[in-house]
Each structure stands twice: as structure tokens, then as C-alpha cells.
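Structure first, commentary second.
There are 2 protein chains.
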Amino acid sequence: MPHRDTTKIVYAGKVKIGGGGVSVQSMCNVRTDDAGAAVAQIAALQDAGCDLVRLAVPDMAAARAFGEIRAKTDMPLVADIHFDYRLALESVAAGADKIRINPGNLGGKERAREVAHACAARRIPVRIGVNMGSVAKEIEQQYGRTPQAMVQSALAYIRLFNEFGFDDLVLSLKASDAVKTVEAYRLMSAVSRYPLHVGVTEAGTAYAGLIKSAVGIGALLLDGIGDTIRVSLTADPLEEVRAAKGILRAAGLLNAGIELISCPSCGRCRIDQIAVANKVEHALRGVDKNLKVAVMGCAVNGPGEARDADIGVAGGDGCAVLFKKGEIVRKIDESEIVTTLLKEIGEF
Amino acid sequence: MPHRDTTKIVYAGKVKIGGGGVSVQSMCNVRTDDAGAAVAQIAALQDAGCDLVRLAVPDMAAARAFGEIRAKTDMPLVADIHFDYRLALESVAAGADKIRINPGNLGGKERAREVAHACAARRIPVRIGVNMGSVAKEIEQQYGRTPQAMVQSALAYIRLFNEFGFDDLVLSLKASDAVKTVEAYRLMSAVSRYPLHVGVTEAGTAYAGLIKSAVGIGALLLDGIGDTIRVSLTADPLEEVRAAKGILRAAGLLNAGIELISCPSCGRCRIDQIAVANKVEHALRGVDKNLKVAVMGCAVNGPGEARDADIGVAGGDGCAVLFKKGEIVRKIDESEIVTTLLKEIGEF
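For the protein sequence lines, the chains are A and B, in the order given. FYI, the numbering for the first sequence is -17 to 330, going by the numbering used here. FYI, the numbering for the second sequence is -17 to 330, going by the numbering used here.
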């Protein structure tokens, strides 16, 4: 199966999509025609580590505001268009760095061609967004509501855009089900080198949606599939960025920052493991170092289990041992755990 | 790659491990020698849907309490033993339904043999728990701290137990890193038919640990690997069960209950999508039906996208359409969404 290092490279503004690396996307949930609110939300997403922001363009007021927003941020912006190809043309003219369309709902081939030509003229890529729920009727009749139907749908749109002489495509094939999503992307990845925007659509609220997204996006990332990701949560978009970064980290694609390794605690534990781990995590939130920190409840999981950690503690009875790279440094009192770890980490 | 349907079957009490299906495990974090606290925690875990509970047995007081706990619950119980083989013998005698050991720390081959014979006499399985942090020194010297080292370690312990005439094994190969964990289980699954207990060890606190576990366990489950799972969180064990069930659901292995499909909302949305979805999710928590319920912010994601849903709403401007299986039933006011959905769901 091809790896993300081998996908075609396109650019959304300064962000490279394809050819290695995985960028993080989110989408504004404020009204696009409220440019001030959109600019503020984009700034917050940027602070959180978002690489690309999408904006819905449901009408001409939004398309015009898109230009105003574009002028007020250096964040690469993606215009999300449905039904009306003129909104796509207007967004492209307003400076969109990429557009996302479902070519099936733009009002016919000639209108899709106009959009492709406008994007080609501005050298911006197009994401063809195939969702399980919006597969063309004739394909669904042949393939059912299956991952294969999404792949066939994407292939048909690729042929269409290639016929227009347009090749700067990004593809997505999302279902609201992680199993079908993973299958669709695996199939697509085997037959195409276009970069893939990966996500589980309509995944749900903050908790259930996080799990669905971590399972679906995570499984694909581990297989080398996925060039840009969007976690869809019915929640503040900042939560999407936080989740995306967590998934990238879990998949071994983000190593910056503190990684906390902590055991679940069990009947062996004689310190307040949950409280200590949460306090340590909270205290380290602002620390800008690349370190593995371990908080272990007892000697079984102690220095040995966690000797990959740069620094850690293993609980005893009301006390703990402090260790670095598996070597015990000294014994400390339970009450000193958090402050000692923080002080020692300051010295790294 | 072999599928979980083809793994060897063992039994921990009434729970089948192997040969298809995935059970959910957790572990008590109260002291085992406080039998009352353990029994209460086991009851809470049972209510939450846990199939198997593990208890640490760090000393003889805990081993004795194990028998007392065993008498007071019908939950299959796993004794977790380190260092002292007599604790294993005592736990087996006290009625453990399964034991979890690291054969490398029981004090030598003859002691491991005694434990195997005791388990064989009671017809209970043994989980050989290989963790990245506790791989035998000679194997680590040859293979490094790698997934391959965990596999070699497991294979050596399998040979040892087979030499004892013991074959009712469950294997785990956990790292605190989802990438290495997934690789280890994939390698193991390719060379062994013993059922696999899957988890990411010391995954971290409630949020980061959930993501790591969903990525690691989820990726394996999607590939048909994993016969029993444990989500390790530095949090209340009830959170482990909730997470495990969420991961099983996301991996398509649990279909019971309400599944909420909800879009993230965007600039197109004219209802308070996040509030509505959260209210619907909360209101449906106690409903014991197998339904897909959709809460969509607008017409783009409306009945069409969500026509797999048994029932749903798609927001308009201060209103919504109610739909069933993609067919619009009627228009309702935004303020009626939650009550209408609940009432309609009551009629399914």
C-alpha cells in the first residue's frame, strides 16, 4: 500500500498537503458573514496549532466576507461550497487557498469546469469531498452504500477534473462510521496517489466523536494513510484541534511537547495516583520541552517499566522514588512529587 | 492475518476468550485486602458493562481477601501476580477465574511450573503479560526495545508453558506507545493462535489515555485482532469500561444502544447545534433501544447525508425538519427538537 510520503504534493497557501507530513484542519462554526467572529475564531485555532481552517460559504454575503477574513489572517483558508458554483467562483476570487466541493451538486459538468478553471488560474487545489451520504445515485445503485461506492464516486470525479485539465486534487471519503471510513481510504489509497484528507464525518459529540475519530483516523495514520486530518466534533472547534494533535501524537506523528506516561493504579498502589498524575499533567501544560514523564503507582510499574521516560516517579507507601532514564535518583515524600518533578524538569 | 474468530478458546469463569467476540476488562484500584470496597467497585463495573475484573494480589492479605471477594460476586475475577509464586497459588486456591503473570518474575522455572500445574488442576487460563518495560534482559539485548522483542519474549514463555503441558494461555504485548503496541500484536497474531488481551499500557490520564487507547486498540480491532480488551486510564475504572465500550462501538463490534450521528456545525448552521446534540445525547442516555439518531445542523448534511439514521433532525433557520430513514416527516420549531425526538423515539 502506498505511504503518505509518496502522495502528490499540492499547496493550500503555505501548507503542503501530500508527500509526507500530516496537517491539522478545523472549520469555523461562527457565521462566515460575521467576519469579525470568524477572524477571532481563526486566531484561536491558530494558537491551538491548527494549520488550515475551512469556512462554509452558503451565500453571497459569506463569499464577500470571505475576502474580508482573508485579508485579516495569514491562516490558509478553505472555502466550503455546496449547490451554487458562483459561490465557488466568488470565493476563489476572494482569495481562498483551497476549495472543497462535492462536484455532484454544483449544477452540471460545465459549471464544475468553470470552477476547475478558476482554481487552475489561481493555482489552488480542490478537495473533492465524497461522503457516504452524498454518493451519486447511479453509483449507489450499483455498489450500495459501501466504501467501494465512495471510491467509485471519487474516481469518477477525478476523471472529470482530469478531463478539465485539472490535477491539483485532494480527496476525502468520509462515512459517519469508522469501519467504512477506514475501508474506503484503504481502497482509495491502493488505487490513487492524490493526497487524502482523512476524517470520520458527523462523528458525534465531544466524547463519542473523539473515540470514533481516534479509531478511524488513527488506524489510517498508523498505516501511512492520510495527508491532512480533520476531527469532526459537535463541540468547540478548538476541541477538534486538541483531538487532532492527540491522535497525531498517539500515531507517532507528533513528538513535540511533554508526553505523560501514567499507570492506571490498582490495588497495589499506596499513593493517590490519579490525583498525582492529573496534577502533574496540569502543571506541565505550559512547559515547552520534549520529554517523556512517567507517573507510576508502584514498584511493579516503576523505574523498569518506565525506563524509556526521561524522568519519572514510582509510588511507594506514602512516598515515591524519583528516577531518570530508569535510574533511581532519590526517595521523596508523596507530598513532594509534583514540585520535585516540576523542578527537575525545569533543569532539562 | 488470522482473525479473532480463529483464535483458541479459553474460559475465565463464564466469559469465553477467543474464537470470536471481544470482552471488556477493567481492574479494581481499591485495595484488594479491603474486600468490601473491592466488591462494591466490582458491582459498579458490572453495571457499567464490564465482563471481567482484575485484582492486584501484592501480598498474602490480598490473596486471602481474594477468596472473600470471590464469594460475594459472580463477576469473573483475574488475579494479578508479580514476584511471589505463592501469591499465585493462593489466588488460584481462593477461586481466581484466571491469573495474569509475568513468568519472568516468579522466581524461576520450577515455581512457574507449580503455578501452571495449579491452574491446570483448576482448569483456569493464564495470561502471560509481556510489557515492553519488562522484557527479559537477554531478549532485549538481542532485539532492543522493540515490538519484535515482546513477541520473542511471549514465544519463549509459550514454549515454557507448553513444556509444562499447559496450553490455556492468553497473551498480551503492551507498550505505552500505540505504534509499538499495534506492531507487536500484529506480529504476534501472525505467528500464534492464542487469544490476545489487547491494550496500551500506562496510556495516561482520562483524555490523552483515551486517545492513545482508541488509536491502538481500535486499529487492532478493525484488523480482527483482539479477543479481550482493557483500556488503561489513570482515572476511575468506570471510565475504562465506558471507553472500552466506545472503542468497541466505533470498531463495529457493539451495536446495542443509541448511536448519535451529529455534524460539527459550521457557518451554515442556524440552530444551536452543539447544545441540541448534547441535550439529545443526554436525554437518550437511559433509552434502551438500538437506533441511529441524527442531529444535523443544516440541509447540506440533512436527511440525505443521514438517511442511514432511523430518525433525525436537520436544522433550518430557527427550525428543523424531522426525518425517518431519509424521508422528511414534518417541520418543527427549534425549541421542540429534543422533546419531539424523544417522543418519536419512544414509539420505535
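For every residue, glycine included, the Cβ atom is placed at its ideal position computed from N, Cα and C.
Chain B within 8 Å of residue i, Cβ atoms only
i                      : result
residue -12 of chain A : no
residue 6 of chain A   : no
residue 83 of chain A  : no
residue 132 of chain A : no
residue 164 of chain A : yes
residue 214 of chain A : yes
residue 251 of chain A : yes
residue 128 of chain A : no
Whole-angstrom C-beta distance between residue j and residue i, which should lie under 8 Å
i                      : j                      : result
residue 113 of chain B : residue 287 of chain A : 6 Å
residue 331 of chain B : residue 177 of chain B : With chain B represented from -17 up to 330, any question about residue 331 of chain B goes unanswered, as that position is not in the structure.
residue -6 of chain B  : residue 85 of chain B  : About 18 Å; that fails the 8 Å criterion.
residue 36 of chain A  : residue 82 of chain A  : 6 Å
residue 25 of chain B  : residue 55 of chain B  : 7 Å
residue 192 of chain A : residue 215 of chain A : 7 Å
residue 44 of chain B  : residue 53 of chain B  : So it is not a contact: roughly 15 Å between Cβ atoms.
residue 301 of chain B : residue 10 of chain A  : About 23 Å; that fails the 8 Å criterion.
residue 34 of chain A  : residue 5 of chain A   : 6 Å
residue 213 of chain A : residue 181 of chain A : 7 Å
residue 186 of chain B : residue 243 of chain A : 7 Å
residue 17 of chain B  : residue 51 of chain B  : 5 Å
Status (buried if at least 16 other CB within 10 Å, exposed otherwise) for residue i
i                      : result
residue 58 of chain A  : buried
residue 255 of chain B : buried
residue 330 of chain B : exposed
residue 183 of chain B : buried
residue -16 of chain B : exposed
residue 123 of chain B : exposed
residue 170 of chain B : buried
residue 295 of chain A : buried
residue 109 of chain B : buried
residue 210 of chain B : buried
residue -4 of chain A  : exposed
residue 159 of chain A : buried
residue 321 of chain B : exposed
residue 264 of chain A : exposed
residue 310 of chain A : exposed
residue 172 of chain B : exposed
residue 267 of chain B : exposed
residue 103 of chain A : exposed
residue 92 of chain B  : exposed
residue 317 of chain A : exposed
residue 165 of chain B : buried
Chain A contact for residue i (CB, 8 Å cutoff)
i                      : result
residue 283 of chain B : yes
residue 102 of chain B : no
residue 246 of chain B : yes
residue 56 of chain B  : no
residue 40 of chain B  : yes
residue 179 of chain B : no
residue 76 of chain B  : no
residue -17 of chain B : no
residue 210 of chain B : no
residue 13 of chain B  : yes
residue 28 of chain B  : no
residue 309 of chain B : no
residue 66 of chain B  : no
Beta-bridge partners of residue i, as assigned by DSSP
i                      : result
residue 278 of chain A : A:296
residue 247 of chain B : DSSP lists no partner for residue 247 of chain B.
residue 111 of chain B : B:154
residue 101 of chain B : Per DSSP, none; premise fails for residue 101 of chain B.
residue 313 of chain B : B:303
residue 179 of chain A : A:210
residue 185 of chain B : A:244
residue 273 of chain B : B:240
residue 216 of chain A : A:187
Contact with chain D by residue i, beta-carbon distance below 8 Å
i                      : result
residue 242 of chain A : The structure shown contains no chain D; the protein chains it does contain are A and B.
**Report entry** Every unbroken alpha helix (DSSP H) inside the stretch 53 to 89 of chain A [4 residues or more]
**Finding:** 67 to 75
**Report entry** Segments assigned alpha helix (DSSP H), at least 4 residues, entirely inside the stretch -16 to 68 of chain B
**Finding:** 17 to 30, 42 to 53
Query raised in the report: Residue ranges of each alpha helix (DSSP H) run of no fewer than 4 residues wholly in the stretch 119 to 165 of chain A, ordered along the chain?
Result: 119 to 125, 129 to 145
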